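Asks: Numbering follows my numbering, in which position 652 of the first sequence is assigned residue number 657; successive positions increment by one, without gaps.
Ideal Cβ positions, reconstructed from N, Cα and C, are used throughout, including at glycine.
The structure presented is a predicted model; accordingly, all values stated were derived computationally and were not measured.
For reference, the structure I am asking about is given below.
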Amino acid sequence: MRRQYPFHLIEPKWQQFWEKEQTFRAWNPGEKIPQGHPFAQRHGLENKKADANSLPPKFYILDMFPYPSGAGLHVGHPEGYTATDILARYRRAKGFNVLHPMGWDAFGLPAEQYAIKTGQHPRKTTEENIANFKRQIKSLGFSYDWSREVDTTDPKYFKWTQWIFLKLYNSWFNPETNKAETMETLRFPPKQNMTEADKRAYRDSQRLAYVAEAPVNWCEELGTVLANEEVIDGKSDVGGFPVVRKPMRQWMLRITAYAERLLNDLEGIDWSHSLKEMQRNWLGRSEGAEIAFEVRHNTFDSKEREFFHDTHWLTVFTTRPDTLFGATYMVLAPEHKILSQITTPKQKEAVEDYKSFVSGKSDLERTELAKEKTGVFTGAYALNPVNGERIPIWIADYVLASYGTGAIMAVPAHDTRDYEFATKFNLPILQVVQPPNPKTDWRGFVDEGISVNSSGPEISITGLPTTEAKKKITDWLEAKSLGKKTINYKLRDWLFSRQRYWGEPFPIVWKRDQDGKLFHEAVPEHLLPVRPPNLDDYKPTSDGRPPLARATDWVKLANHVERETNTMPQWAGSCWYYLRYLDSQNSARPWNNLVEKYWMGTLEPRLPESNQEIDKEIKRVVDAAIFSPRHSRRTAIIGRVPKAVAAMAFQVSGLNIEDYFFRLDSYGVRHAFLQHKVEAFEKPRGQRALAAEDFYKLPAVYAAPDHIEDGGINQLGRRVLRFHKRINGIAIVAEEVLTGIKCLALQTMFVRETAGDELQPARDTAIGVSLSTADTDRSEEKFISKNSPVNQPTLGVDLYVGGTEHAVLHLLYARFWHKVLFDLGYVSTPEPFFKLVNQGLILGEMEFYIFRDKNGERVSAAGIVDIEDAAETLVGKEKVTGAKVVAHKIDASEVEKRGAFFCWKNPDLDIRVDFRCFKMSKSRGNVVNPDDVMGEYGADAFRLYEMFMGPLEMVKPWNTKGVEGVYRFLGRVWRLFVDEKSETEFEQAESTTEAQTHRELLEKIQLSAAIKDVPASPSQLKALHACIKKVTEDLDALRFNTAISALMVFVNDAISWETKPVSGLRDFLILLAPFAPHLSEEVWQKLQNPRHPQSVSLSYHPWPEFDPAVLIEDTLEIPVQVNGKLRDRLRVAAGATREQLEAASLASEKIKFFLEGKAVKKIVIVPMRLVNIVLE
RNA sequence: GCCGGUGUGGCGAAAUGGCAGACGCACAGGACUUAAAAUCCUGGGACCGUAAAAAGUCGUGUGGGUUCGAGUCCCACCACCGGCACCA
């Protein structure tokens, strides 16, 4: 494609300019901003030291930093980076102090494996890769503050990773305060005569970082152990090598202590629904009961009596205590400790055989081959506590030693797995739950119903619904000390050590006490960082000894003290990098506290300036009232003011806010509401609808807007809203305190009754979006939208963008570390990432496949079924014959569109072709290299295209033709501004001069003569302000694709203007700049002052204000429908009344035709929008 | 199996319950050109019409429902994508 504009000169020019001028430096409280910096000019900070109060509000916008692989950047990286860069530039223009950093997550296996192969030090590989990544990222013109760059493999960085590890090492989790505390607060158990060794052992057992001998995931090929999160289907996440369970001594982090908080705090952060679900899933909370079963030896015959000296107790975990009467056998995990004590001699051999059979299986076999249940009887029996029934105890590998108590009570009638097992081994199946639908088979029915056959001598739950039955039986068990309510999590402690070279060494040494017993101790903080030794051989050893152990000089310290030779996993460095960015040059501390508070938004918030007219006192109280923001992307949550806070607020202000509700919008702006009315609606099936009084018991309400009808004007002259639909749930009519805007929220979520008095919303069943406001009063609507992106900081990182692949690894670990640091007082927010967005995957370009049968004849895809993706090709079956066919990729030029299909270009066009997109992969050869795209179309076009493809979160296929489309658009922008003749001269000069002077030749290019310093015409203003409105709103909502289309619409219009008013075009450039910064800067410079080409960057120029007044039309085109079908359009005056609209509609000739001979039943008129005539 | 997400032209997509398909790609026709590229203009969901129009009918995965009006809200289902998967 012909070059549209000289991006090859413009882009490097501005990248160098920004770097030289430090245009995108983010300023910390206490820093002095250099003279003349546009940020200082904009915010009045010249010659001043910027303290936290004089700095504008912060905006922290973060990318997931990349692992610098040898392959270089792929097109997925710039997708997220472009989105964040656009927002960073937008926020800068809006007046924020924007923190937008970049760095390298550089520890990792590929560099180490390359080292093993070639002997090249991983540091060298890493440095080369970083250099290449940096070059590529810089060529995209992102506005990163490179002065804050971090590299996890830099000793200056991992010094603090080790420092945080020591914080974990020197802390324990206090269950009473539900938080981590330093070891000083740990009390020893009240036991006499604890020796120093006892005390040490106790302390070590309580640390957040501890050593455990546990069965771990050992990967032979990688020569290292792996975390649960790194094992997928029994294979290593990296490389896909088999993983086996093997007991080893390893470092663990006590993440399980935080399971509850990691789960609960998800509610307060703005992450996508699916991502939160993934985390919830991984945490795997389940509520149930532990029940103790007695295993009594006198239940066996006298000959065996001597083998059983005690009564044993076996505890099981179940989520369905209500099915206890249906427990017909028990199952233990083969690894269960009690096994040796209860197995009868007769069964001993069988049990031992089974145990060795199971231990020989890999994890993969244990899960994949588990379709058929296996197990053996132990010979022992337990007593069912409710009725004294003797139930046999089995062992089977479908019960996991690591979850719950490693033992279950099997209720085959109401558990799928137990049912399979019982069927195979002919164990009794006893119904204890009756399904609600009598036609449902009770066998294998696992849902809730009514308890049956559940009566014993002391307790009966027969006839109770499941929820009540659970509660009653649990209470009874608790009273008898036979059981208790329990919560279990699937989450396991984090296996934190790796047998690798290329990772952070542990700041730990091993010593021996007087008795020769080995113990560990922290390396003192002042000796950090502990650097890894130099090695010649990086290979792991097959016995699990880490490669660091080879460096004996490094390992062995004086007095027989030895270093820990394991290294930390790759995730360690990424657990806290977002904190190091805040203060990356600080060599004394990981970060400064004030700086952390400023960037994480915990300093005193400032009031939005635009709200000056609002009663400040109320605002202050409102600010004080909410300290725990709870909202998510789609759902605004209204919270009630806690009583204590309300009382406090009353003392301060005399204002009673107890009846207020608060809602945080997606910008963190607080809206207070006064409730007017609550109504309950139709009773839903199976569950009971909320009643008005229930509302007061709810801790939070998910609000959902639905049908709102205009209910006329009330005494105050305000529109009243009415809803008349039947809705299952409740409706709240409320008025926003600050603005007086009436809101209506329909609450269509149902509640389940729980045991206590408290009602809990059924999780995430809210269907709606947010409170909606009356759309009848336009000035109120304006008020809302104007105030939405307000200057109000949010807690933590304001926006974090990255791929889904880190949903449970990085994001869970980082939240965990952050919470520990929060507990210990090093950070000020409980969560690190306030809002998080996952970018969607970019697939390869569309590919065409033509099928051939076994004779090589081409066959139409129309007759092919069961098409599957088989390594690099497609296979399918012929529908008629069932014969196998294989597809071959063909070029797009061999294909012709025919109706809804693509056909092979033979004369008949009768052979249909299959078309689809695949994930980009080296082996398929469909990887798009960003360097190539940028070389051909430039960085601006590349950025623009990645954003124009579709919504950020969606999976979308790459299409090079699409890049050409946006490239053409940029060319049109260029031609909108420049004089064609001067450009031709430039091109001629460029082709005949030395390359070095090319950039100066840019100055040859003149502005178009059509650009004049004249006021814009009304229609020009209209086009501009429509664009301002759309781009601003879309950027706030992260809708980049539609923002770009608005820019295109403007340019399509403006290009035909005879005179182009310079002020309007300047505003347009500000709008375009976040998307295409290089082109915008270049044109801006020409526009500003052609005689002083080195004028200041447009990056800090204020974002244009949208003026709704210019968009008001004199006349409108109103569609007229008859029975909901469009029949005519009328042009009417904008202020036309209902009566005028009705008369005009009925007068229309076209409408008359449709009304002929029919009676008009009703006429629906929506002023300014539409008329609908309903006939009988 | 469980959980979550998504289904709209040939393709990427857009639409506070109110004119479905903005914007872009691909395509077709035209202008400019010796020609091509680039650029500019025009067209466009399908069907039925017609010399060409106009008018009309059907259209947002399927089937129901609510509503004057549904891509959008409710119920049931189907397909695809992603995650988890013997977690009691």
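(1) Below 8 Å, how does it come out for the segment 531 to 541 and the segment 468 to 476: are there three or more Cβ pairs, yes or no?
(2) In angstroms with no decimal places, state the Cα-to-Cα distance between residue 11 and residue 1040.
(3) Mapping DSSP to helix, strand and coil, what is residue 499?
(4) With DSSP as the reference, label residue 579 as helix, strand or coil.
(5) Using a Cβ-Cβ cut-off of 8 Å (strictly less than) and excluding sequence neighbours within five positions of residue 918, which residues of its own chain qualify?
(6) Provide the residue span of the alpha helix (DSSP H) that contains residue 881, from first to last.
(7) Pull up the distance between the alpha-carbon of residue 669 and that of residue 273, whole angstroms please.
(8) Which residues does DSSP list as the beta-bridge partners of residue 395?
(9) What are the start and end residues of each continuous beta strand (DSSP E) run of 3 or more residues lying completely inside the segment 262 to 333, in chain order?
(10) Based on Cα-Cα distance, which residue from 932, 8, 1089 and 1127 lies nearest to residue 1166?
(11) Give the secondary structure of residue 1120 by DSSP, where H, G and I count as helix, E and B as strand, and everything else as coil.
(12) Which one of 1147, 1102, 110 and 26 has the shortest CA to CA distance from residue 582?
(13) Identify, in the order they occur along the chain, each residue of the same chain with its Cβ nearer than 8 Å to the Cβ of residue 460, setting aside the five sequence neighbours on each side.
(14) Which whole-angstrom value describes the C-beta separation of residue 141 and residue 936, a residue pair presumed to lie in contact below a C-beta threshold of 8 Å?
(15) Assign residue 383 to one of three DSSP states: helix, strand, or coil.
(16) What's the gap between the Cα of residue 979 and the Cα of residue 883?
(17) Please confirm whether residue 455 and residue 391 have their CB atoms less than 8 Å apart.
(18) Can you look up residue 1071 in the DSSP assignment and give me helix, strand or coil?
(19) Check residue 85 in the structure and name its three-state DSSP category.
(20) Can the beta-carbon of residue 298 be found less than 8 Å from the beta-carbon of residue 335?
(21) Buried or exposed for residue 584, please, with buried defined as at least 16 other CB atoms from any protein chain shown within 10 angstroms of its CB.
(22) Following a CB-centred definition, is residue 1155 positioned closer than 7 Å to any heavy atom of the ligand FAD?
(23) Within this structure, are the beta carbons of residue 174 and residue 208 separated by less than 8 Å?
(24) With DSSP as the reference, label residue 541 as helix, strand or coil.
(25) Shortest alpha-carbon distance to residue 940 belongs to which of 86, 524, 185 and 144?
(26) Would you kindly report the start and end of the unbroken alpha helix (DSSP H) that includes residue 938?
(27) Who are the near neighbours of residue 72 in its chain, counting only those whose CB is closer than 6 Å to its CB and skipping five residues on each side?
(28) For residue 575, which residues from the same chain have a beta carbon less than 6 Å from its beta carbon, with the 5 sequence-adjacent residues on both sides left out?
(29) Hey, how far is the Cα of residue 828 from the Cα of residue 186?
(30) For the 8 Å Cβ check, are there 3 or more pairs between the segment 271 to 286 and the segment 836 to 850?
(31) Which residue wins for smallest C-alpha separation from residue 893, given the options 168, 929, 946 and 831?
(32) What do you get for residue 1060, buried or exposed, if any count of 16 or more other CB atoms within 10 angstroms of its CB means buried?
(33) When the Cα of residue 234 is compared with those of 260, 253, 225 and 216, which residue comes out closest?
(34) Which two residues bound the contiguous alpha helix (DSSP H) that contains residue 1046?
(35) Which runs of the beta strand (DSSP E) at least 3 residues long sit entirely within the segment 197 to 228? Give them in chain order.
(36) Near residue 990, what residues of its chain come up, given a Cβ to Cβ distance below 7 Å and the 5 sequence neighbours on each side ignored?
Replies: With the given structure in hand:
(1) no
(2) The count along the first sequence starts at 1 and reaches residue 11 at position 6. The count along the first sequence starts at 1 and reaches residue 1040 at position 1035. Those two C-alpha atoms are separated by around 28 Å.
(3) By one-based count along the first sequence, residue 499 stands at place 494. Of the three classes helix, strand and coil, the one that applies to residue 499 here is strand, per DSSP.
(4) Here residue 579 refers to the residue found at position 574 of the first sequence. Helix.
(5) Numbered from its first residue, the first sequence carries residue 918 at position 913. 853, 854, 855, 866, 895, 900, 906, 907, 908 and 909.
(6) The residue given as residue 881 occupies position 876 in the first sequence. Not the alpha helix (DSSP H): residue 881 falls in the beta strand (DSSP E), residues 878 to 883.
(7) In the first sequence, the residue the question calls residue 669 occupies position 664. In the first sequence, the residue the question calls residue 273 occupies position 268. Unreliable positioning characterises residue 669 in this predicted model, as indicated by a pLDDT of 43, which lies under 50. The coordinate reading is nonetheless provided below. The straight-line gap from Cα to Cα measures roughly 11 Å.
(8) Here the question's residue 395 lines up with position 390 in the first sequence. Per DSSP, 388.
(9) 291 to 300 and 317 to 323
(10) Against the first sequence, residue 1166 aligns to sequence position 1161. Among 932, 8, 1089 and 1127, the Cα nearest to that of residue 1166 belongs to 1127.
(11) Along the first sequence, one-based indexing puts residue 1120 at 1115. Residue 1120 falls in the strand class under three-state DSSP.
(12) Looking up residue 582 in the first sequence gives position 577. For residue 582, the nearest C-alpha among the options comes from 110.
(13) Walking along the first sequence from the start, residue 460 turns up at place 455. If we look at residue 460 and ignore the five residues flanking it on each side, its Cβ neighbours are 330, 466 and 467.
(14) Here residue 141 is taken as the residue at index 136 of the first sequence, counted from 1. Here residue 936 is taken as the residue at index 931 of the first sequence, counted from 1. About 7 Å; that satisfies the 8 Å criterion.
(15) The residue you call residue 383 lines up with position 378 of the first sequence. Residue 383: strand per DSSP, three-state reduction.
(16) Here the question's residue 979 lines up with position 974 in the first sequence. Here the question's residue 883 lines up with position 878 in the first sequence. If you take the alpha carbons of residue 979 and residue 883, they lie about 54 Å apart.
(17) Residue mapping note: residue 455 aligns to position 450 of the first sequence, counting from 1. Residue mapping note: residue 391 aligns to position 386 of the first sequence, counting from 1. It is not a contact, given that the beta carbons lie outside the stated cut-off.
(18) Position 1066 of the first sequence, counting from 1, holds the residue named residue 1071. Here residue 1071 sits in helix by DSSP.
(19) Position 80 of the first sequence holds residue 85. Looking at residue 85 - three-state DSSP - the assignment turns out to be helix.
(20) As a working note, residue 298 is residue 293 in the first sequence. As a working note, residue 335 is residue 330 in the first sequence. Yes, they are a contact pair.
(21) In the first sequence, the residue the question calls residue 584 occupies position 579. Residue 584 is buried by the Cβ-count criterion.
(22) With respect to the ligand FAD, the structure offers nothing, as it holds no ligand at all.
(23) Residue 174 sits at position 169 when you count from the first residue of the first sequence. Residue 208 sits at position 203 when you count from the first residue of the first sequence. Contact: no.
(24) In the first sequence, residue 541 corresponds to position 536, counting from 1. In this structure, residue 541 counts as coil in the three-state DSSP scheme.
(25) The residue you call residue 940 lines up with position 935 of the first sequence. Comparing Cα-Cα distances from residue 940 to each of 86, 524, 185 and 144, the minimum goes to 144.
(26) For the purposes of this step, residue 938 is taken as residue 933 along the first sequence, with counting starting at 1. Here the alpha helix (DSSP H) through residue 938 covers 935 to 942.
(27) Taking the first residue of the first sequence as 1, we reach residue 72 at position 67. Cβ within range, chain order: 110 and 113.
(28) For the purposes of this step, residue 575 is identified with residue 570 of the first sequence, where counting begins at 1. Taken in chain order, the residues that qualify are 112 and 113.
(29) As a position in the first sequence, residue 828 is number 823, starting the count at 1. As a position in the first sequence, residue 186 is number 181, starting the count at 1. Roughly 7 Å separates the two Cα atoms.
(30) yes
(31) Locating residue 893 in the first sequence gives position 888, where the first residue counts as 1. The shortest Cα separation from residue 893 among 168, 929, 946 and 831 belongs to 929.
(32) As a first step, residue 1060 must be located in the first sequence, where it is residue number 1055. By the 10 Å Cβ count, residue 1060 comes out exposed.
(33) Working through the first sequence from its first residue, we reach residue 234 at position 229. Taking only the C-alpha atoms, the option nearest residue 234 is 260.
(34) Working through the first sequence from its first residue, we reach residue 1046 at position 1041. Unbroken alpha helix (DSSP H) run through residue 1046: 1045 to 1059.
(35) 214 to 224
(36) In the first sequence, counting from the first residue as 1, residue 990 sits at position 985. Once the five neighbours on either side are set aside, the close Cβ partners of residue 990 are 1009.
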